[in-house]
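Going down the list, the protein sequences come from chains B and Z.
For the first sequence, our numbering assigns the number 10 to the initial residue and increments by one for each residue that follows.
For the second sequence, our numbering assigns the number 233 to the initial residue and increments by one for each residue that follows.
Note that CB positions come from ideal geometry on N, CA and C, so glycine has one too.
Please read the structure below before turning to the comments.
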Amino acid sequence: MGILAIAFNTFREGVKEKIFYAIVIFGIIIMGSSRVISSLSLGEVEKITKDLGLATISLLGLLVAIFVGTKLVYEEISRKTIYTIVSKPITRSQFILGKYLGLILIISVTLAILTGFFCLVVYLNLGTLSLPLLGAIALIFLELAVITSVAIFFSTFTSPISSALFTVGIWVVGHFSGDLKALVQMSPSSLVKATSIFLYYLVPNLSNFNIRGEVVHEVSVPRLFLVFSTVYGIVYTTVVILISSLIFRRRSF
Amino acid sequence: MKSVVAVFLLVSCIYPLQRVIDARWGSEEELVRELMYFPTGRMMKRLVLGYDEMAADLVWLRMIQYYGQHKQSDRRYDYLGHIVDVLTDLDPRFIHAYTFGALLLTDDAKDPSRGLGILKKGAEYNPMDWRLPFMSGFIHYVFLGDYDGAARYFVRSSSLPDAPDFAGRFAAYVYGRKGDSDVSLELWSNLYHRSENEYEKLAALRYIKRIHTERLDLLVRRFEDMYGRYPLDLTELVKVGWFEDLPRPPDGSLYYLDPDDGKVKCTN
Numbered sequence: 010m011g012i013l014a015i016a017f018n019t020f021r022e023g024v025k026e027k028i029f030y031a032i033v034i035f036g037i038i039i040m041g042s043s044r045v046i047s048s049l050s051l052g053e054v055e056k057i058t059k060d061l062g063l064a065t066i067s068l069l070g071l072l073v074a075i076f077v078g079t080k081l082v083y084e085e086i087s088r089k090t091i092y093t094i095v096s097k098p099i100t101r102s103q104f105i106l107g108k109y110l111g112l113i114l115i116i117s118v119t120l121a122i123l124t125g126f127f128c129l130v131v132y133l134n135l136g137t138l139s140l141p142l143l144g145a146i147a148l149i150f151l152e153l154a155v156i157t158s159v160a161i162f163f164s165t166f167t168s169p170i171s172s173a174l175f176t177v178g179i180w181v182v183g184h185f186s187g188d189l190k191a192l193v194q195m196s197p198s199s200l201v202k203a204t205s206i207f208l209y210y211l212v213p214n215l216s217n218f219n220i221r222g223e224v225v226h227e228v229s230v231p232r233l234f235l236v237f238s239t240v241y242g243i244v245y246t247t248v249v250i251l252i253s254s255l256i257f258r259r260r261s262f
Numbered sequence: 233m234k235s236v237v238a239v240f241l242l243v244s245c246i247y248p249l250q251r252v253i254d255a256r257w258g259s260e261e262e263l264v265r266e267l268m269y270f271p272t273g274r275m276m277k278r279l280v281l282g283y284d285e286m287a288a289d290l291v292w293l294r295m296i297q298y299y300g301q302h303k304q305s306d307r308r309y310d311y312l313g314h315i316v317d318v319l320t321d322l323d324p325r326f327i328h329a330y331t332f333g334a335l336l337l338t339d340d341a342k343d344p345s346r347g348l349g350i351l352k353k354g355a356e357y358n359p360m361d362w363r364l365p366f367m368s369g370f371i372h373y374v375f376l377g378d379y380d381g382a383a384r385y386f387v388r389s390s391s392l393p394d395a396p397d398f399a400g401r402f403a404a405y406v407y408g409r410k411g412d413s414d415v416s417l418e419l420w421s422n423l424y425h426r427s428e429n430e431y432e433k434l435a436a437l438r439y440i441k442r443i444h445t446e447r448l449d450l451l452v453r454r455f456e457d458m459y460g461r462y463p464l465d466l467t468e469l470v471k472v473g474w475f476e477d478l479p480r481p482p483d484g485s486l487y488y489l490d491p492d493d494g495k496v497k498c499t500n
């Protein structure tokens, strides 16, 4: 019960942030402009509408996760509201989990609004909707769930600016994981190989959640890949939230 | 009040400042400078952090802009091949980028080997797509006059999944009528009706009109040889039985005989 109360409270706090509305409005404007942009595209209306919409949903969801997520725990400490919370019959792990779920709720609402508008734009531009687009958005949501857990993790022990920078760093490296693997194969140095392998498994492999190209080009994605990616996302997120709880439990205020 | 006036004054300076910048260091210059430093597609693929398709769309729009600017000015397309390469590295499944890029490289940049190279690259990434060998056949037939090569590609195209009937039809045409301008005319008409790309349509229309006017000119000369005068108008060619109907370009314009020089021209 305590977890849900924290989650809803976090959601209420989050949606009060002006940046949340700015991001959603910005997303709607970008997707709305796809009609104009695709009119210059020499017959590539479908591709550009879908690419632009999916990229917008993914990038703006990331911005919400970073801007809102990295402040949540820090603000409770800096405003000293954490004392009120920890004095209640609630563990610190429950607090972290509640914060995480609250942020996931904010991201869900953001994605739901942007997806609704995206479907409208696709329908207006192309006269039809395709179900696989929602599959791509579901995996974007999973990617954001992983990144949100990383943002919460950093926010348990650093300032919002540092957490934002570290989270962006992890997001960037997460998209380079294919190169890390290539480095393992190419490098003659065993130290470089060991470090690359370690980083490859440590940092979330975000390409597991990217099927945007396949969906736009109507290439089928193996069902098993989707299952493994989903399980990977859930396991990775759980691990990061557990570690965040462990750190937060040892923290003194 | 002073600050409001200052803001208005400064804002009114922006327009003339930008005009001067555009006039002296125009956007085309900027575009060329930018393209010179366009990194390779493989490098860009890493830099765009998973947004490959979106980045490819931006490069596609930039390619259209680059092509349009040069088509209206110097007709030099030095960076076109590089842009198509980057574009298809970023999104290897972007079939229209291969086919359109190949057509521009062959027709406008006069570099058919690069155009065919792009199509070969596309076929390596998309071996089951009929449009890539079809365009290779098209280039071999229309631009290179390599009818055997064209036939091979049309046959390959027609054997792939989802290939339309006309791919097989062209394979048969090319085998039966090597070098026949009817086949070229069919190929261009097919492209004109199939494409949603304005530039492709324009190129197709240009070639359709060229083939039609060359044929009509030939018949006008024949008429002149037979009757010792130009026909009064092109319908006389129909009256003598050389045509059932006069050919008409697909954009609705009309061919006419210019009485001054006896040449066939088009109203549009």
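Buried or exposed: which applies to residue i, given that a residue is buried once 16 or more other Cβ atoms fall within 10 Å of its Cβ?
i, result
"Z/Thr331", "buried"
"Z/Gly460", "exposed"
"Z/Ser485", "exposed"
"B/Asp60", "buried"
"B/Ser50", "buried"
"Z/Val316", "buried"
"B/Lys89", "exposed"
"Z/Lys441", "buried"
"B/Phe237", "exposed"
"Z/Ala287", "buried"
"Z/Phe326", "buried"
"Z/Phe240", "exposed"
"Z/Phe370", "buried"
"Z/His425", "exposed"
"Z/Tyr385", "buried"
"B/Phe234", "exposed"
Less than 8 Å between C-beta atoms, sequence neighbours within five positions excluded: which residues of the same chain meet that for residue i?
i, result
"Z/Asp483", "Leu437, Asn500"
"B/Ile116", "Gly70, Val73, Ala74, Phe150, Leu153, Ala154, Thr157"
"Z/Val415", "Tyr373, Phe402, Tyr405, Val406, Arg409"
"Z/Val318", "Phe270, Pro271, Thr272, Gly273, Met276, Val291"
"B/Ser254", "Arg101, Ser102, Ile105, Leu106"
"Z/Asp296", "It is Ile, not Asp, that sits at residue 296 of chain Z in the sequence shown. Tyr431."
"B/Val130", "Met40, Gly41, Ser43, Arg44, Thr58, Gly62"
"Z/Val472", "Phe455"
"Z/Asn429", "His328, Phe332"
"Z/Asp321", "Thr272, Gly273, Arg274, Met276, Lys277"
"B/Ile46", "Ile57, Leu61"
Which of the three DSSP states is assigned to residue i in this structure?
i, result
"Z/Val387", "helix"
"Z/Tyr487", "strand"
"B/Lys89", "coil"
"Z/Val496", "strand"
"B/Ile220", "coil"
"B/Gly187", "helix"
"B/Ile99", "coil"
"Z/Thr445", "helix"
"B/Pro169", "helix"
"Z/His314", "helix"
"Z/Arg372", "Going by the sequence as given, residue 372 of chain Z is His instead of Arg. Helix."
"Z/Phe475", "coil"
"Z/Thr320", "helix"
"B/Leu114", "helix"
"B/Phe126", "helix"
"Z/Asp414", "helix"
"B/Gln194", "helix"
"Z/Asp465", "coil"
"B/Glu22", "helix"
"B/Gly78", "helix"
"B/Arg259", "helix"
"B/Pro141", "helix"
"Z/Arg308", "coil"
"B/Leu263", "One cannot answer for residue 263 of chain B here, as it falls past the ends of chain B, which runs 10 to 262."
"Z/His425", "helix"
So, at 6 Å on beta carbons, what are the nonlocal neighbours of residue i in its own chain, with the 5 sequence-adjacent residues on each side left out?
i, result
"Z/Phe375", "Thr338, Pro344"
"B/Leu148", "Phe218, Ile220"
"Z/Ala355", "Leu364"
"B/Tyr109", "Ile161, Ile250"
"B/Phe257", "Arg101, Ile105, Thr165"
Suppose the cutoff is 7 Å on Cβ atoms and the five residues either side in sequence are ignored; what does the same chain contact list for residue i look like?
i, result
"B/Phe127", "Met40, Gly62, Ile66"
"Z/Ser413", "Ile443"
"Z/Asn422", "Phe398"
"B/Phe20", "Gly111, Leu114, Ile115"
Check: Between the region 205 to 215 of chain B and the region 174 to 190 of chain B, do at least 3 Cβ pairs fall closer than 8 Å?
Finding: The way I'd put it, the region 205 to 215 of chain B does touch the region 174 to 190 of chain B; three or more beta-carbon pairs between them come closer than 8 Å.
Check: Contact between the region 195 to 211 of chain B and the region 163 to 176 of chain B: three or more CB pairs below 8 Å?
Finding: no
Margin query: My parser needs the alpha helix (DSSP H) runs of 4 or more residues fully inside the region 325 to 381 of chain Z; what are they?
Written below: 327 to 339, 344 to 357, 363 to 371
Notebook entry, point to check: Counting only runs that start and end within the region 271 to 301 of chain Z, where is the beta strand (DSSP E) found for 3 or more residues in a row?
Noted result: Taken in chain order, the complete beta strand (DSSP E) segments of 3 or more residues contained in the region 271 to 301 of chain Z number zero; there are none.
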